[in-house]
Every structure is written in structure tokens, then in C-alpha cells.
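Step one of this worksheet: look at the structure below.
Numbering (this note's numbering), first residue to last: 8 to 101.
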């Protein structure tokens, strides 16, 4: 029988490495995971935020977030440890 891993254990293994995060709406964030809590509030360093440009459909706004950031776990929908985003993601179009 295969061993089981709990969700928070998977996130714990990703501390110190790059993680790709899909947020509610159309926002994606790529950064280095520094910490998290039981509510999946996340602390990131060296983060870049990708959002669709409301003024230019099809264009992506890339914003470098200069300081440590805290993401509210209620807005996180998907975490991909080690991810840069797939080829068709917002991150790859910037």
C-alpha cells in the first residue's frame, strides 16, 4: 500500500522553493514560499503577480512584488510546488 501524504505536509516540503499559486479570479503568483499556517495563509518572497490587463484584452500585467507578501488562504485555489506555470498560463504569456 502506498504511503499517504497530507496536504499541509506537501506544502511544508515546498518551503524555501518556488511555488506557483492560482488565486480566485484570474490572478496568478509565482514566488518563493517562506511559510504558511493551518489556514494556508502564505508568506512569499521574490514574488511576481500576473493579472489580465483590463484595458488591453489578451495582454498580461506582470508586477514584481518587492517585499515579503502575505496571501490570505481564503483566496488561494491551487498551489503547485516547484511550478512556473504551464505554457498556456498567464505567467508564460508575460
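Even for Gly, the Cβ is constructed at its ideal location relative to N, Cα and C.
In this text, all values refer to a predicted model and were calculated from it rather than measured experimentally.
- Per the DSSP secondary-structure output, residue 23 pairs with nothing in a beta bridge.
- Residue ranges of uninterrupted alpha helix (DSSP H) with 4 or more members, entirely inside the stretch 13 to 95 and ordered along the chain, are 14 to 20.
- At least 8 angstroms separates the beta-carbon of residue 57 from that of residue 75.
- In this structure, the beta-carbon distance from residue 21 to residue 51 does not fall below 8 angstroms.
- Apart from the 5 residues on each side of it in sequence, residue 84 sits with its Cβ closer than 7 angstroms to the Cβ of 29, 30 and 31 in its chain, given in chain order.
- Listed in chain order, the non-local C-beta contacts of residue 68 below 6 angstroms within the same chain comprise 58 and 60, local neighbours out to five positions each way being set aside.
- A residue is called buried when at least 16 other Cβ atoms come within 10 angstroms of its Cβ; residue 65 does not meet this threshold and is exposed.
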